[in-house]
Amino acid sequence: MKFITVDTAASPKLERLMRSCRHHEIPLEVIGEGCPYPGHGAKIKYVIEYLSAQEPDEIVMFVDGYDVVFLTGGGEIERKFTASGHPLVFSTEQNCNVNGGFFTRFPVWFRYPKGKRPYRFINSGTYIGRAGYMRDFLRRADVPLTASDQTVINRYFVDHPAELSLDCDQEIFTCTAGRTGLEEEDYRVEEGRLRNILTNSLPCVLHCPGKNYIGLEKLVSKLPIAGAPYKPTAEEERKYRKSRFMNRITARVLPDNFLFHLILDSLLIALGIIALIAVVVAFLGM
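The numbers in the UniProt record's numbering rise by one with no breaks, and the one at position 212 of the sequence shown is 212.
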């Protein structure tokens with residue numbers, strides 16, 4: 001089994017992931033070092049190149065570099081992947097994360113295959129599969145170098161839902177996207193292992209995307225892989241508080257970020273129209 005990440009800049013931000021690899025004896029390979037990175041589509045290019053050099057049946061796990069940690073060793077990961085019964089498994093999150101305006105995002109959300117909430121939508125920051133199948137899937141998805149890989153893969157998935165499996169139960173991967181600020185409500189540590197309370201699972205990989213290093217460190221600091229205390233900037237703290245406020249409301253009202261904001265925006269537009277009509281009526285009645 002192989003484990004890979006892409007880091008073109010040799011950044012010190014990779015240390016957290018590497019520390020977890022050393023603790024759990026994960027032989028992580030860093031690919032793309034010194035290569036250009038015009039956008040997230042570039043990491044797909046480097047992953048495809050790596051996969052092309054592997055045996056087709058080799059199991060390969062890809063993880064993002066700066067906001068991911070391993071929570072267990074390779075043996076458990078391989079067992080859970082094999083038990084999934086599918087040659088390619090992607091992580092999931094609460095948010096239908098597709099870039100673009102409403103008329104780009106809504107069709108993807110509307111056509112998305114039904115799944116378990118709250119973790120229903122693809123997160124492309126962590127996935128695992130057979131090398132040959134994964135390579136062919138990523139080629140078919142055809143992610144441009146400068147594009148958001150998650151956007152392109154989500155759009156491809158709604159047309160080809162049988163081509164991959166989603167880890168909605170968070171057995172292999174757990175992802176906090178769409179739930180930033182809720183880390184201490186969604187997880188607890190039991191005997192040095194992170195449990196997802198919502199799915200009652202013991203995931204093998206933790207991913208806190210969106211530069212959510214505050215949330216990531218809240219959880220990592222309680223684990224055996226903890227490092228030096230993290231010191232966030234004032235701007236990070238401000239963004240974290242804002243996300244926590246909105247996500248607490250979303251989680252309690254409707255755990256689907258896109259649908260929640262669609263309803264909220266529709267209500268605000270309706271109120272604006274009503275207010276405008278009232279002003280016009282009042283003006284005409286003068």
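Yeah, the Cβ is synthetic: ideal placement off N, Cα and C, and Gly gets one too.
Since we're looking at a predicted model, the values are computed, not measured.
Short Cβ contact (8 Å threshold) for residue i with residue j
i    : j    : result
L145 : P38  : yes
E184 : T176 : no
L164 : L88  : yes
H207 : V68  : yes
V143 : G74  : no
K222 : V189 : yes
R238 : C168 : no
E33  : A10  : yes
P255 : P161 : no
T72  : C204 : yes
M134 : L51  : yes
Q170 : S148 : no
Counted within 10 angstroms of its Cβ, other Cβ atoms place residue i as buried (16 or more) or exposed
i    : result
T174 : buried
L267 : exposed
T82  : exposed
I197 : exposed
T104 : exposed
V281 : exposed
D186 : buried
T233 : exposed
V47  : buried
P209 : buried
I153 : buried
K43  : buried
A141 : buried
E191 : exposed
F283 : exposed
Top-ranked residue by Cα proximity to residue i, from the options
i    : options                   : result
V98  : P107, S91 and F90         : P107
A131 : K2, G125 and Y112         : K2
F110 : F157, I59 and S148        : F157
Y240 : K211, L259, L138 and I26  : K211
E76  : E49, E25 and A226         : E25
A251 : E235, L271, P229 and R179 : R179
I31  : F102, R19 and K45         : K45
I59  : I214, I4, R193 and F70    : I4
K114 : L271, G272, V279 and Q94  : Q94
F260 : I273, G272, M246 and L271 : M246
H86  : K231, D57, L194 and L264  : D57
Expected contact under 8 Å - CB spacing of residue i and residue j to nearest Å
i    : j    : result
R22  : V220 : Between V220 and R22 the Cβ distance is about 14 Å, and since that is not below 8 Å, they are no contact.
F258 : C96  : 4 Å
I172 : I225 : Wrong, their Cβ atoms sit about 18 Å apart, outside the cutoff.
G181 : R139 : No, G181 and R139 are not in contact; Cβ-Cβ is about 37 Å, not under 8 Å.
G227 : R79  : Not quite, the Cβ-Cβ distance comes to about 28 Å (not below 8 Å), so this is no contact.
E236 : I214 : 6 Å
Cβ-heavy atom distance, residue i to the ligand NAD, below 7 Å
i   : result
R79 : Among the components of this structure there are no ligands whatsoever, and the ligand NAD is therefore not found.
inquiry  = Using a Cβ distance threshold of 8 Å, determine whether the stretch 62–69 contacts the stretch 111–126, with at least three qualifying pairs required.
reply    = Taking a cut-off of 8 Å for Cβ pairs, the stretch 62–69 and the stretch 111–126 touch, as three or more such pairs fall below it.
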